[in-house]
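Residue numbers (our numbering): 122 to 1051.
From the three backbone atoms N, C-alpha and C, an ideal C-beta is built for every residue, glycine too.
Predicted, not measured: the structure shown is a model, and the values here were computed from it.
Beneath this line is the structure, given in structure tokens, with notes to follow.
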């Protein structure tokens, strides 16, 4: 019979209380943290046993040092175990191995867990998360957040001490989600005495207890020490007391493990040592092949290894009972033997058709410099992992670089690959450092150009000017291939466009197009044509901008996404459609982009599309959906940089202002301030516009105008002066702000720009509407305001339409109230439909002042029994209360599952509930009342 857990009563009681909450339908996250050997795994096992006794459904998985190169392996191992696995094993492993399917797999995991949790509470146990791969870490922090309202207890364990950035990020995210931390320290003296008695079978005498204390309260060290003492007969039991008999005692864990190995038969010791070199887990058939023995001959040695408690069997695999034991056994092997075993294992796995990542993990520290075959394998594995686990891919690429000689012709290509992976993994400074160390060397021009191309891509995340300089320097190198030069020039043009200097950008586009034509490089041509579209957009030739954007998208599609320099060309088309007021088409384009990049497993590009979608939802007037999408993108770790600042932060600030959440607006404004110091004027202009909007909302238009000093200085130049891309509907907003500040000259300048843009592009009604609205405000001209109302009809932008109606009604009120009220009523309806509570409240005040008060109403589609919620939130909670999963609700509502999760979070907060069980009860009560 297994002895009870000692010294952890408080922790077990705490987990028991969480299981009580789970039985009531409330989920939790518990993170057990402690040093190696502190008893984390034992505590998880005991908690698992308690959960099983209570009739709960339990899934358990665990990671190991080599497993971090097998995406989602630990989580899948856990969910595929037990009498009723959630998934088909072969199907799920195929999906996990295919980069283009991994994002679908993550959604599939969420759906299956969500459905299972609706039927019965779940306990998901994950051990040793410090060794989880990037994809499993993403799944842990994402699924625990998305499924927080379900009856799921996440019980995880992690080693204390230094951890990778991915693990730290995951733990921080779990903490923010309300995770409970249980930190396991050394055992108290009473517990040490109890364990000593458990192992030795008798109460220890003072001498024996003194030796036991040498384990310093670490359970694993203590047990191994005591077992060694017992097995070596260093203690005897007399009169129910365990007495120390003297002799040499093990003085370290390493020597204890070596002694235990020596007690095994030669075949068993060979098996244990071979298994230790491979990793935490190993299959019997792999051992047989490595040892060159028939499988049948391993039966007796394996039984001995299992009986010795060194190995245990789980799901047709052998694993060490304790990681420290495996590490100690592995450490006892000569380095040459260990390396040979791991290389042999890699060969066997490759011959069997195993994923290249599994073989590469074995070679990571087992091959020497100059091994070209190993370098090729490591590069292939890094490329395979780059889309789903860039941090793991970085380690493989780094090792490939270390194994490659300084003068090897492939070294510059590996440097460029490693730089790009470092950027994807969020380590741009190291990528720059790698380039800085390589560039002063005596590289061939082509090699240097490839490194500079990689550096330009990396720098483009945060320093557009530096990226442009690197691309220019690479393109200027003599004798480089025409295609490489074309790519560098196209990338330079793109980065210059992001800077916002469109005069220089136009020349750069010409150079890039000429180089792409000479090289017949369609990828470079696609990027250059897309940048040309941007230039023409800001030169107010919108028809040409659309024509060139379509051409760029077609070229990019012909080349294939993987070779595209722009991420991706079609994204600019979606922004163009949105700017033109064709929001429905823009949203369709955006949703198609999300689906396609998700299918291909291109996380960075998918993130760009989701950011674009948040901007489109904002401009369409679906404020709650825009906020939910932006929050979901930030929570999904899609990355924050210049592009995210101009889309996600822009969306969140403007939604907060329209919904009268000034506290949130101020909080976001603190993040916006860093944009004012960016070297790119485009970024500075967006940041100053957002801060000016916040200042104006705080009734300080003078400060708003001061913030826009630099932006106003760019009104006469080609390029965005406020939002990016430009939003024509911002012209009336700016004019109204300037008039409130007494800045008539600035208001007039903004009107002139709007009118010129409209005159040059008569086929775009939104431009004429915005120009008429802006001029009507400046001149206080009722005819023009009425004209703007007419022009806005048919344009699916709720807030600009409402704004024109409000300004018209305000002007009419000075003449005759009866004419003003219909316009103000229409403005109120549009603002309410958008969820723009701050604007709606202002219109209600105007109506009250005119003697035509309107009651506060809910958004379109909302009902009186849910007064706290927006229309979108009501739609979501009704479906969820019916038992639909997030994905099913998303499909029903034609939104993303991330947006459903964000709506649920806001609804739960407003309703003061924390679980779906509570929601179901509340919905039943309220809907029944209705």
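Exercise. Do residue 378 and the ligand COA come close, with the Cβ less than 6 Å from some heavy atom?
Worked result: The ligand content of the structure shown is nil, which means the ligand COA is not present either.
For this session: Output the distance between the C-alpha atoms of residue 318 and residue 276, rounded to the nearest integer angstrom.
Result: 30 Å
For this session: For residue 911, write down the residues that DSSP places opposite it in a beta bridge.
Result: Paired residue(s): none; residue 911 is not in a bridge.
Problem set entry | Same chain, Cβ closer than 8 Å to residue 358, neighbours up to 5 away in sequence not counted | 321, 322, 323, 364
Problem set entry | Other residues of its chain near residue 371: CB distance less than 7 Å, five sequence neighbours each side excluded | Unreliable placement is indicated for residue 371, whose pLDDT of 49 sits below 50; the coordinate value is still reported in the next sentence. Here the set comprises 346, 349, 377, 380.
Exercise. Is residue 888 closer than 7 Å to residue 849 when the C-beta atoms are compared?
Worked result: yes
Problem set entry | Proximal residues to residue 369 (C-beta, below 7 Å), its chain only, five neighbours per side dropped | Any reading at residue 369 needs caution, since the residue's pLDDT is 49, under 50, leaving its predicted position unreliable; the model's value is listed next. Contacts found: none.
Problem set entry | Backbone secondary structure at residue 921 - three-state DSSP | helix
Exercise. Which residue's Cα is closest to the Cα of residue 234: 263, 255, 252, 248?
Worked result: 263
Exercise. Mind checking whether residue 666 and residue 672 have CB atoms under 7 Å apart?
Worked result: no
Exercise. Do residue 356 and residue 329 have their C-beta atoms closer together than 7 Å?
Worked result: yes
Exercise. Looking only at DSSP bridge pairs, what is residue 155 linked to?
Worked result: 280, 305
For this session: Using beta-carbon positions only, say whether residue 615 and residue 652 come within less than 7 Å of one another.
Result: yes
For this session: Report the three-state DSSP secondary structure of residue 143 (helix, strand or coil).
Result: helix
For this session: Within the same chain, show all residues whose beta-carbon is closer than 7 Å to that of residue 958, passing over the 5 residues directly before and after it, in chain order.
Result: 780, 781
For this session: Can you have a look at residue 433 and say buried or exposed, based on whether 16 or more other CB atoms are within 10 angstroms of its CB?
Result: exposed
Exercise. Mind checking whether residue 540 and residue 552 have CB atoms under 7 Å apart?
Worked result: yes
Problem set entry | Burial state of residue 163 (16 or more Cβ within 10 Å) | buried
Problem set entry | Sequence ranges, alpha helix (DSSP H) only - wholly within the stretch 493-525, length at least 4 | 493-506, 511-524
Exercise. Looking at C-beta atoms only, is the number of pairs between the stretch 688-706 and the stretch 828-839 that lie closer than 8 Å three or more?
Worked result: no
For this session: Look at the alpha carbon of residue 802 and the alpha carbon of residue 1023, and state the distance between them as a whole number of angstroms.
Result: 33 Å
Exercise. From residue 613 to residue 752, what does the alpha carbon distance come to, in whole angstroms?
Worked result: 32 Å
Exercise. Are residue 536 and residue 521 close, meaning C-beta to C-beta below 7 Å?
Worked result: no
For this session: Could you tell me which residues DSSP puts in a beta bridge with residue 150?
Result: 275
For this session: Check whether the Cβ of residue 815 lies closer than 7 Å to any Cβ atom in chain C.
Result: The structure shown has no chain C; it contains just one protein chain.
Problem set entry | Proximity below 7 Å, CB of residue 487 to CB of residue 519 | no
Problem set entry | Boundaries (first-last residue) of the alpha helix (DSSP H) holding residue 998 | 992-1002
Problem set entry | Under the three-state DSSP convention, the category residue 531 falls into | coil
Exercise. Roughly how many whole angstroms lie between the Cα atoms of residue 862 and residue 894?
Worked result: 19 Å
For this session: Would you kindly check if the distance between the Cβ of residue 797 and the Cβ of residue 805 is under 7 Å?
Result: yes
Exercise. Who pairs with residue 179 in a beta bridge, going by DSSP?
Worked result: 244
Exercise. Around the Cβ of residue 865, are there at least 16 other Cβ atoms within 10 angstroms (buried) or fewer (exposed)?
Worked result: exposed
Problem set entry | Spatial distance of residue 726 from residue 227 (CA atoms) | 17 Å
For this session: Look at the alpha carbon of residue 506 and the alpha carbon of residue 480, and state the distance between them as a whole number of angstroms.
Result: 13 Å
Exercise. Which of the three DSSP states, helix, strand or coil, is assigned to residue 131?
Worked result: helix
Exercise. Can you name the start and end residues of the alpha helix (DSSP H) that residue 345 belongs to?
Worked result: 340-352
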